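These notes concern the structure reproduced below.
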Amino acid sequence: MDKCKHIGRLRLAQDHSILNPQKWHCVDCNTTESVWACLSCSHVACGRYIEEHALKHFQESGHPVALEVNELYVFCYLCDDYVLNDNATGDLKLLRSTLSAIKSQNYECTTRSGRILRSMGTSDDSYLSHGGAQAWLRNEDRMFTALWHRRRALLGKIFRSWLELTPTGKKILEEERRQEEAEERRDKARKRRQERKRELKAEMEKMPPRKSSRLQNQIGMSSKTVPCLQKTSQNMESVTELKETYTSGDVRLKKSRLPWKTYKVTCLACDNKSNTVEPFWDLSLEFPERYHCNGKEMSSQYPCLLTEMLAKFTQTEALEGKIYACDQCNTKRRKFSSKPVILTEAQKQLMVCRLPQVLRLHLKRFRWSGRNHREKIGVHVHFDQMLNMEPYCCRESLKSLLPDCFIYDLSAVVMHHGKGFGSGHYTAYCYNSEGGFWVHCNDSKLNMCTMEEVCKAQAYILFYSQRLTQANGPSKIPCPSTADSQQHTELADCSMDNSSS
1 MDKCKHIGRL
11 RLAQDHSILN
21 PQKWHCVDCN
31 TTESVWACLS
41 CSHVACGRYI
51 EEHALKHFQE
61 SGHPVALEVN
71 ELYVFCYLCD
81 DYVLNDNATG
91 DLKLLRSTLS
101 AIKSQNYECT
111 TRSGRILRSM
121 GTSDDSYLSH
131 GGAQAWLRNE
141 DRMFTALWHR
151 RRALLGKIFR
161 SWLELTPTGK
171 KILEEERRQE
181 EAEERRDKAR
191 KRRQERKREL
201 KAEMEKMPPR
211 KSSRLQNQIG
221 MSSKTVPCLQ
231 KTSQNMESVT
241 ELKETYTSGD
251 VRLKKSRLPW
261 KTYKVTCLAC
271 DNKSNTVEPF
281 WDLSLEFPER
291 YHCNGKEMSS
301 QYPCLLTEML
311 AKFTQTEALE
321 GKIYACDQCN
331 TKRRKFSSKP
341 VILTEAQKQL
351 MVCRLPQVLR
361 LHLKRFRWSG
371 RNHREKIGVH
381 VHFDQMLNME
391 PYCCRESLKS
401 LLPDCFIYDL
411 SAVVMHHGKG
421 FGSGHYTAYC
431 YNSEGGFWVH
441 CNDSKLNMCT
451 MEEVCKAQAY
461 ILFYSQRLTQ
471 ANGPSKIPCP
481 STADSQQHTE
491 LADCSMDNSS
501 S
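When we follow the UniProt record's numbering, the leftmost residue of the sequence shown carries the number 1, and every step to the right adds one.
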């Protein structure tokens, strides 16, 4: 690495043990091969090719920069690369020259008393003839050599402290600090982008798989042999035509067939109500808060009611803080006025204002566990064969529809088998109107079942058929109590619409 930002922050330890050749070994395993000295403290340990004691020291102390005693390499554990640059005061260059001088012993040094310290390579032969004198001179030479290099290190620290007090040194340190802060901001921004990419990838992997067009064609081919799916392809075309008609802007022909829901926002300051109406294809129902906790509490293990989830879907919620720009409160304010917009507290409510012939209820069986992990909610949801939608409709619908128009009968139940969202298997319970019985559909296998088995299923998507429509009298989609072959036609229509959307 040409430049490491951690070298600029490096401050060498005082009286480092690396200046003493007797400590050029690992303090843990006592090896002399691949010895690395920490430059922030006096710790000396072996490298990653021996016992990795130097790496363990970095993990415990957080000191990133180390120097190899024999080869004089400098390595940064945070950057995970060898370092070529030096700090502003040149401590690494001074330390390398000091260690090279200690190992070579081919220089002369003068002490305070004027004595010249020579290396052992320049000693006379007379000294070599006496073993004791030779050892004494060697120890004395090493002692004075260490003192001389410690003096140089002390002078280097004094020079560095003086440089920090000068205007030029302050300018250099300020420039290094700005570069380090800019590098840290770039690192944080890069980490945030990588984190968002990982979250998006995990979100895409956890989404339920969609049915391909090949599988839709296979369902259309199988409708020739299964009586309850005879008109699936025709209904798929009608739903596609309905979507294209609505999205193209020609709403007049198909507007009466679309289900609608309304958002009611009430200003708490002036009690002004604002309604926003939009179409919907299904209702996504969330579980109550007690089922979103990670702990295995007793309250989260009890079965949940479908009516409770519908009540949570249509309940009145208060907006957090003053964030609503009420039109009534801002009537006196001009459109291009410089005055700030008046924000007030408000509450919102979602209601159904036009009921569909086939009601599709999607149960959001997931909760967040940790930061980037979603897990499935495996609680049983209790649903009835008959559903009354009158409590969840707005007042205009209550006045314009007959009471029987709010009654829905169960037509199909879709289950997801598996713990996660990246994998699993889908099966369904469908009502056969010709035979008057329920069928469990598992790929190409069809098995008859009872209503009790259907009610015990862990539902993921519920299909309800309207018993009576306002415009046409009795609905063309009969309830399970009648025998009409067109029920599963509309059911398959909505199922394929859900998979294609």
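Quick reminder that beta carbons are idealized off the backbone N, C-alpha and C, glycines included.
Source: prediction; values computed, not measured.
Opposing strand residues paired with residue i [DSSP bridges]
i           : result
Val454      : In the DSSP output, where bridge partners are listed per residue, Val454 has none listed.
Arg360      : Phe463
Tyr82       : Phe75
Trp260      : Pro279, Arg354
residue 534 : Given a span of 1 to 501 for the chain in the structure shown, any question on residue 534 remains unanswerable.
Gln349      : Lys264
Glu375      : Arg367
Lys273      : Thr266
Tyr324      : Thr344
Coarse secondary structure for residue i, derived from DSSP in three states
i           : result
Thr307      : helix
Leu154      : helix
Phe58       : helix
Ala428      : strand
Tyr77       : coil
Ile317      : With the sequence shown as reference, residue 317 is identified as Glu, and Ile is not the correct amino acid for it. Glu317 falls in the strand class under three-state DSSP.
Trp36       : strand
Glu289      : helix
Thr344      : strand
Glu390      : helix
Trp148      : helix
Ser400      : helix
Ser369      : coil
residue 502 : Shown here, the chain extends from 1 to 501; a query on residue 502 therefore has no answer.
Glu164      : helix
His16       : coil
Arg395      : helix
Cβ of residue i within 8 Å of any chain D Cβ
i      : result
Asp443 : No chain D is part of this structure, which consists of one protein chain only.
Cβ shell of residue i (< 7 Å), same chain only, five flanking positions each side left out
i      : result
Phe437 : Met448
Gly473 : With a pLDDT of only 45 at Gly473, under 50, the local geometry of the prediction cannot be trusted, and no value is derived from it.
Glu396 : Cys353
Glu183 : Lys5
Best match in the options for proximity to residue i [C-alpha to C-alpha]
i           : options                        : result
Gly156      : Lys264, Leu92, Glu51           : Leu92
Glu51       : Trp260, Gly321, Gly418, Glu33  : Glu33
Leu39       : Thr31, Leu72, Cys29, Tyr49     : Leu72
Asn20       : Lys197, Leu363, Trp148, Gly424 : Trp148
residue 505 : Arg365, His362, Lys264, Leu12  : Outside the modelled stretch of the chain, which goes from 1 to 501, sits residue 505, for which no answer is possible.
Glu175      : Gly8, Met389, Gln466, Lys348   : Gly8
Gln357      : Ile102, Leu84, Arg467, Cys46   : Arg467
Arg367      : Lys206, Glu68, Phe159          : Lys206
Phe463      : His382, Leu398, Arg360         : Arg360
Glu317      : Glu68, Tyr426, Gln349, His292  : Gln349
Ala269      : His292, Gln347, Gly90, Lys445  : Gln347
Segment limits, alpha helix (DSSP H) that includes residue i
i      : result
Asp409 : No alpha helix (DSSP H) contains Asp409, which is instead part of the beta strand (DSSP E) from 407-417.
His43  : Unbroken run through His43: none, as it is neither H nor E.
His440 : Run containing His440: none in the alpha helix (DSSP H); it sits in the beta strand (DSSP E), 437-442.
Lys206 : 167-206
Ala101 : 91-104
Lys5   : 5-8
Cβ neighbours of residue i in the same chain (closer than 8 Å, five flanking residues each side left out)
i      : result
Tyr392 : Leu310, Ala311, Phe313, Thr314, Met351, Val352
Ile342 : Ala325, Cys326, Cys329, Asn330, Arg333
Ala457 : Val413, Met415, Tyr429
Cys29  : Cys46, Ile50, Glu51, His53
Range of the contiguous beta strand (DSSP E) that encloses residue i
i      : result
Leu283 : 283-285
Lys445 : 445-449
Val65  : 65-68
Residue i beta carbon near the ligand FMN (any heavy atom closer than 7 Å)
i      : result
Glu176 : This structure lacks the ligand FMN, and indeed carries no ligand of any kind.
Close-in-space but distant-in-sequence residues of the same chain around residue i (CB under 6 Å, 5 per side omitted)
i      : result
Pro279 : Leu258, Trp260
Lys201 : none
His362 : Asp282, Ser284, Ile461
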